[in-house]
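Protein chains in written order, with full-length UniProt numbering: chain R, 1 to 124; chain Z, 1 to 124.
From the three backbone atoms N, C-alpha and C, an ideal C-beta is built for every residue, glycine too.
Since we're looking at a predicted model, the values are computed, not measured.
The next block holds one structure in the form of structure tokens; read it before the comments.
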């Protein structure tokens with residue numbers, strides 16, 4: 001049975017929180033086994049748990065604030081615009097991509113593709 | 001050669017205009033041959049020009065206003081949040097999906113997937 005929109009919404013909300021303020025384990029717990037991550041789109045997809053751990057491990061120690069801006073759901077797919085603000089000394093770097101995710105029946109993430117480019121990364 | 005972000009931006013901007021106020025031919029001119037449309041995601045993909053003509057033909061006669069709200073580009077992919085307001089008598093119906101598109105080297109659309117559900121359609 002396809003996941004409900006409400007379950008997908010919960011997973012996305014937890015994902016933004018976990019990426020911003022959680023641990024790698026918090027993020028990985030939201031992914032299904034065998035999930036793929038292509039971030040940004042056009043780079044080689046990460047297809048192993050080790051490569052996902054490496055990816056999210058980079059941002060784990062950073063001081064970040066996450067905010068879900070827009071979320072659309074259709075079937076087993078979500079597309080959402082969110083903001084991730086990283087504190088770097090007295091500066092803040094904001095990245096606001098649109099992520100596209102698919103989900104399994106338990107609303108675990110089976111694939112993530114992040115659509116953003118350098119111009120979406122703003123230092124202030 | 002991959003299309004430039006600027007060319008993709010032009011196609012997306014023209015798409016939102018064409019869907020809102022243009023003709024079916026205006027919209028179809030932005031699509032590559034063999035392009036597919038899945039709107040919303042989870043429904044059967046349209047894979048022929050005739051089925052794309054049928055799809056966009058439904059909204060061609062409507063009085064609509066389109067607005068591009070957020071556009072993210074990565075490689076040959078764009079994800080964008082846009083609003084389409086349709087005037088129905090003294091009421092307005094707003095639909096604001098996130099569309100995900102891929103493009104060929106000439107920045108023509110090779111696939112479109114629209115992520116939205118009934119809750120994204122607001123009557124006012």
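| Item | Value |
| --- | --- |
| Residue interval of the alpha helix (DSSP H) (run including residue 25 of chain Z) | 24-28 |
| Buried/exposed call for residue 11 of chain Z, threshold 16 Cβ in 10 Å | buried |
| Closer than 8 Å to chain R by CB, residue 3 of chain Z | no |
| CB contact below 8 Å: residue 61 of chain Z versus chain R | no |
| Sufficient close CB pairs (3 or more, under 8 Å) joining the segment 48-56 of chain R to the segment 67-75 of chain R | no |
| Outcome for residue 98 of chain Z when other beta-carbon atoms lying within 10 angstroms are tallied against a minimum of 16 | buried |
| Per-residue contacts from residue 50 of chain Z into chain R (C-beta, under 7 Å) | The contacting residues do not exist; residue 50 of chain Z stays about 24 Å from chain R at best. |
| Contact set between residue 41 of chain R and chain B, taken where Cβ atoms lie within less than 7 Å | You won't find chain B in this structure, because its protein chains are R and Z. |
| Beta-bridge partners of residue 93 of chain R, as assigned by DSSP | R:86, R:123 |
| Partners in chain Z for residue 111 of chain R, counting only beta-carbon separations shorter than 8 Å | Neighbours of residue 111 of chain R on chain Z: none; closest Cβ ~12 Å, over 8 Å. |
| Residue nearest to residue 101 of chain Z in terms of C-alpha spacing, selected from Z:81, Z:123, Z:86 | Z:81 |
| Test item: CB-CB of residue 45 of chain Z and residue 30 of chain Z under 8 Å | no |
| Cutoff 6 Å; reference residue 113 of chain R; Cβ partners in own chain excluding five residues on either side | 38, 41, 100 |
| Neighbour flag for residue 106 of chain R against chain Z, beta carbons, 8 Å | no |
| Range of the contiguous alpha helix (DSSP H) that encloses residue 36 of chain Z | From DSSP, residue 36 of chain Z is part of no alpha helix (DSSP H) but of the beta strand (DSSP E) over 31-38. |
| Which of helix, strand or coil DSSP assigns to residue 111 of chain R | strand |
| Pairwise C-alpha distance: residue 120 of chain R and residue 79 of chain R | 17 Å |
| Three-state class that DSSP yields for residue 102 of chain R in the structure shown | strand |
| Presumed contact (8 Å Cβ cut-off) between residue 24 of chain Z and residue 57 of chain Z, rounded CB distance | 5 Å |
| Beta-bridge pairing of residue 73 of chain R - partner residues as DSSP gives them | R:78 |
| Short CB-CB distance (under 8 Å) between residue 11 of chain R and chain Z | no |
| N-terminal and C-terminal residue of the alpha helix (DSSP H) that residue 57 of chain Z is part of | 49-59 |
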